[in-house]
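Numbering (this note's numbering), first residue to last: 309 to 595.
Contents: one structure, followed by commentary.
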C-alpha cells in the first residue's frame, strides 16, 4: 500500500464529502504540522496534504469511538433494555465501517496506532508520518468519548444505572473480567489485534484478490466477529487510541485517575499488546 492508497482499496477517489476537508480547519492544522515537522515540511503548500490526512484520521477515529462507546452507553445506562453484547459488537463493527468511509479517501483510514505501526514496519507507510497519525488518532478518540459523554450526560446523572463509578467507566475504556490476569489480558488483546491486522493486510494485498471497495464492510464484519468470538475477557480494545483516549477523558471528566490503576494497572495492556499483535500479523502476512 502506498502512502496515499486507502484501506478501502483501489485508487484514492474523492467522495463529495471529502472536498469539504479542503476548507475545514486547514490553516490551523498546517501550522501545527509545520511546527511539529520542521524537517519534513519545507513549505506551507507541502503542509496541506499532511494536515488533511491528520484531520481525516482524527475525524475517522472519532466516528469509530462515537459509534462504539455510544452503543455501550445505551446498553449500560438502560440496564440492558436498550442493548446487549450483540449490539455492542455490531456497534463497533459499523463504527469501523463508518470511520473507514469517513477517512479512507484521504488518509487511508488507519484509525488505529497498531495499523499505522504495522504498515510502517512493512514498508507500506512512511515512518515520517507515524507520529502525526498517532497524535490524530489519540485526539480523535478523546474527542469521540467527549461527544458520547455530552450526549449521555443526563443519563449519567439521572439514571439509576448512571453515576461515576466502576459500573460506568467501562462505557469508555476497556476493563478485563475479574478473573483475567495480566498474561491472560495481554494474550487476549494480542490475538484479537493479530486477527484484525491479518485481515486488513490480506484484504489490501493486490496479489491476494483484494476486497476493493467492499473493504469497509469486510473489516466492519471482521471486528464484529472478533468481538463476538474473542472479546469477552477484555472487551476487545485492539486499538491503543480507542482505549487510552477515552480513558484519559474519563479521568478528567469525573471518574478520577483510578481508571489508570484499576485491575492491577491494566492500562498498559491495551496500549502495548495491540502493537505487538499487529507486528506479528505483519510478519506472518509476508511469509
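Heads up, the beta-carbon is just placed ideally off N, CA and C, and yes, glycines get one too.
Computed from a predicted structure; not experimentally measured.
CB contact flag (residue i, residue j, <8 Å)
i, j, result
"residue 476", "residue 384", "yes"
"residue 367", "residue 411", "yes"
"residue 376", "residue 400", "yes"
"residue 563", "residue 494", "no"
"residue 380", "residue 491", "no"
"residue 529", "residue 582", "no"
"residue 427", "residue 358", "no"
"residue 509", "residue 408", "no"
Buried or exposed (CB count within 10 angstroms, at least 16 for buried), residue i
i, result
"residue 369", "buried"
"residue 505", "buried"
"residue 522", "exposed"
"residue 418", "buried"
"residue 514", "exposed"
"residue 299", "Since the first residue shown for the chain is 309 and the last is 595, residue 299 is missing from the structure and cannot be characterised."
"residue 517", "exposed"
"residue 466", "exposed"
"residue 554", "buried"
Candidates the options: closest to residue i by CA position
i, options, result
"residue 537", "480, 557, 552, 500", "500"
"residue 635", "414, 450, 402, 465", "Nothing can be reported for residue 635: it is not among the residues displayed for the chain, which extend from 309 to 595."
"residue 449", "374, 578, 389", "374"
"residue 392", "540, 357, 587, 427", "540"
"residue 389", "568, 358, 544, 469", "469"
"residue 535", "395, 425, 429", "395"
"residue 279", "437, 429, 433", "Residue 279 cannot be examined here, being either before or after the span of the chain that is shown, 309 to 595."
"residue 531", "420, 382, 360, 425", "420"
"residue 433", "408, 398, 361", "361"
"residue 444", "550, 580, 365", "365"
"residue 576", "548, 474, 429", "548"
Between the CA atoms of residue j and residue i - distance to the nearest angstrom
i, j, result
"residue 556", "residue 435", "26 Å"
"residue 519", "residue 464", "41 Å"
"residue 451", "residue 512", "29 Å"
"residue 573", "residue 552", "13 Å"
"residue 507", "residue 386", "34 Å"
"residue 559", "residue 593", "38 Å"
"residue 442", "residue 488", "28 Å"
"residue 423", "residue 481", "19 Å"
"residue 431", "residue 591", "12 Å"
"residue 456", "residue 578", "21 Å"
"residue 461", "residue 454", "10 Å"
"residue 586", "residue 459", "33 Å"
"residue 570", "residue 416", "34 Å"
"residue 565", "residue 498", "25 Å"
"residue 502", "residue 404", "17 Å"
"residue 550", "residue 446", "7 Å"
"residue 588", "residue 568", "27 Å"
"residue 543", "residue 483", "7 Å"
"residue 561", "residue 595", "46 Å"
"residue 474", "residue 382", "16 Å"
The ligand PLP heavy atom lying under 7 Å from the CB of residue i
i, result
"residue 459", "By its list of ligands, the structure shown contains no ligand whatsoever, and the ligand PLP lies outside what it can speak to."
Three-state class that DSSP yields for residue i in the structure shown
i, result
"residue 468", "coil"
"residue 390", "coil"
"residue 524", "helix"
"residue 427", "helix"
"residue 514", "coil"
"residue 542", "coil"
"residue 358", "helix"
"residue 405", "helix"
"residue 455", "helix"
"residue 567", "helix"
"residue 595", "coil"
"residue 432", "coil"
"residue 488", "coil"
"residue 558", "helix"
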